[in-house]
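Chemist: Pasting in a structure now, in C-alpha cells, and then I'll have a few things to ask.
Right, dumping it as C-alpha cells:
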C-alpha cells in the first residue's frame with residue numbers, strides 16, 4: 012500500500028465525522044480516490060471526493076468495494092448518542108449496517124486491506140469503581156443498561172470476529188473520548204454549552220474530551236499507520252467538570268439530585284431546558300478518563316490541544332456561532348459538484364468551464 016496510491020471509502024459523510032475525514036484525505040497526494048457514502052446529502056464540501064447516496068445496509072456495498080478497488084474503509088457512521096435518534100433505528104445502523112459493511116469487505120478477492128472503525132470510550136461505561144486512565148484491555152461494559160452502549164460493544168465484538176476470519180485485513184478500532192465540535196455538538200457538548208450548567212449535587216467528575224480537529228487527525232493517521240487493534244483517542248489531561256466550567260467562564264450550579272437523577276433529567280427535557288441522555292447522566296456523575304499511551308506509541312498520535320484548551324476553544328466558537336449562525340452553511344448541489352469534478356476534463360478538451368456545466372447550474376451561476 013505504501014507504493015500504491017490508495018482508494019478509500021468513508022461512511023457517514025452527512026455528519027462531520029465522515030465529511031471532515033474526507034476533507035483531510037483528499038489533501039493527501041498518496042490518495043488516488045475518496046468515495047463518501049451516506050443516505051443523506053453532505054453538509055460539508057467534500058472537495059475532489061465523490062459522494063454516493065447509499066445505505067450501508069444495501070448489498071451493493073460489496074460490488075462498490077470491488078468495482079472501485081477500495082483498499083481502505085473508514086467507518087464513521089456508528090452512533091453512540093441518543094438525543095436525536097430512535098434507539099431501534101440506531102441499532103439497525105450500528106449493528107446491521109456494520110455487519111453488512113464488513114460482509115462487503117470480506118472474501119479472498121476483496122481489495123480491502125485496512126478497516127478503521129470509529130468507536131467510543133462509552134464502551135467502558137462510567138461507574139464509581141472505575142479506575143482512571145483506562146487502557147484498551149479494560150473490560151467493556153457489555154451488560155450496560157444503555158442500548159447505545161450495548162450496540163457499540165456488540166459492533167466491536169463482530170469486528171473482532173471478522174478480523175480473526177479475515178487475517179489479511181488490518182482492523183483498527185478507535186475509541187474516542189467525548190468530542191467537541193461547535194457546529195454539530197454531541198450530548199456532552201450540548202450540556203456544557205447551556206447558559207447555566209446543572210451539575211449533580213455532591214459530584215465533580217473528571218472528564219476527558221477531544222477537539223474536533225484532533226479527532227479527525229487520529230482517523231486520518233489510522234489509515235496510514237499502526238498495527239491492528241483497539242486504540243483510545245483522547246486529549247491529554249483529564250480535568251474536573253467544575254474546573255473546566257470555571258476556566259471557560261461558564262455558570263454552573265449543583266441542581267441535579269443524585270437520587271432521582273433520571274426523573275430530574277426527564278423534567279428538564281419536558282421543560283425544553285436540556286436534553287440529557289442516559290449515558291450522559293452517568294458521565295456527569297462518575298466521569299471517565301482514558302490512557303492514550305498506545306495511540307501515541309503505535310499511531311504516533313498526540314492531540315494538539317489538551318482537554319481544557321479543547322473545551323475553551325469549543326465555548327469560544329459556540330459564542331461566535333450565536334452571532335453568525337450560518338457561517339458554515341453548505342448545500343450539496345449534485346450538478347455543481349459534477350461540474351467541479353469535470354473541470355480538468357473540460358479543459359483538456361478545450362471547453363470553457365461554463366460550457367461543461369449543465370444548463371440549470373449555468374443559470375444558477377449567472378444569478
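Numbering (our numbering), first residue to last: 12 to 378.
For glycine and all other residues, C-beta sits at the position ideal for the given N, C-alpha and C.
Can you give me the Cβ contacts of residue 210 inside the same chain, cut-off strictly under 6 Å, excluding the 5 residues immediately before and after it?
Modeler: 263, 265
Chemist: Considering only C-alpha positions, which residue in the set 59, 295, 90, 159 is nearest to residue 10?
Modeler: As displayed, the chain neither begins before 12 nor continues past 378, which places residue 10 out of reach and without an answer.
Chemist: Does the stretch 54-74 touch the stretch 218-228, meaning 3 or more C-beta pairs lie closer than 8 Å?
Modeler: Short answer: they don't touch.
Chemist: Check each candidate in 289, 331, 284 and name the one with the smallest Cα separation from residue 271.
Modeler: Selected option, being the one with the closest Cα: 289.
Chemist: Where DSSP assigns a beta bridge to residue 189, which residues make up the other side?
Modeler: Bridge partners of residue 189 according to DSSP: 220.
Chemist: Quick one: what does DSSP say residue 243 is sitting in, helix, strand or coil?
Modeler: strand
Chemist: Pick out whichever of 41, 123, 199, 161 has its Cα sitting closest to the Cα of residue 381.
Modeler: Here the chain covers residues 12 to 378 and nothing more, so residue 381 does not appear.
Chemist: Compute the Euclidean distance between the alpha carbons of residue 206 and residue 285, then round it to the nearest angstrom.
Modeler: 10 Å
Chemist: Pull up the distance between the alpha-carbon of residue 146 and that of residue 153, whole angstroms please.
Modeler: 16 Å
Chemist: With distances taken between CB atoms, is the gap from residue 306 to residue 244 smaller than 8 Å?
Modeler: yes
Chemist: Is it buried or exposed, residue 238, if we count other Cβ atoms within 10 angstroms and call 16 or more buried?
Modeler: exposed
Chemist: Can the beta-carbon of residue 49 be found less than 8 Å from the beta-carbon of residue 24?
Modeler: yes
Chemist: What's the C-alpha gap between residue 356 and residue 79?
Modeler: Unreliable positioning characterises residue 356 in this predicted model, as indicated by a pLDDT of 44, which lies under 50. The coordinate reading is nonetheless provided below. Straight-line measurement puts the Cα of residue 79 at about 20 Å from the Cα of residue 356.
Chemist: Which of the three DSSP states is assigned to residue 110 in this structure?
Modeler: helix
Chemist: What residue range does the alpha helix (DSSP H) around residue 169 cover?
Modeler: 158-176
Chemist: How far does the beta strand (DSSP E) with residue 62 in it extend, from its first residue to its last?
Modeler: DSSP places residue 62 in the uninterrupted beta strand (DSSP E) bounded by 61-64.
Chemist: Can you give me the C-alpha to C-alpha distance between residue 172 and residue 232, rounded to a whole angstrom?
Modeler: Each residue's alpha carbon lies about 24 Å from the other.
Chemist: Enumerate in chain order the residues of its own chain whose CB-to-CB distance from residue 138 is below 7 Å, with the five nearest sequence positions on each side excluded.
Modeler: 297
Chemist: Give the range of the beta strand (DSSP E) segment to which residue 126 is assigned.
Modeler: 125-131
Chemist: Can you round the beta-carbon distance between residue 100 and residue 180 to whole angstroms, since I take them to be within the 8 Å contact cut?
Modeler: About 28 Å; that fails the 8 Å criterion.
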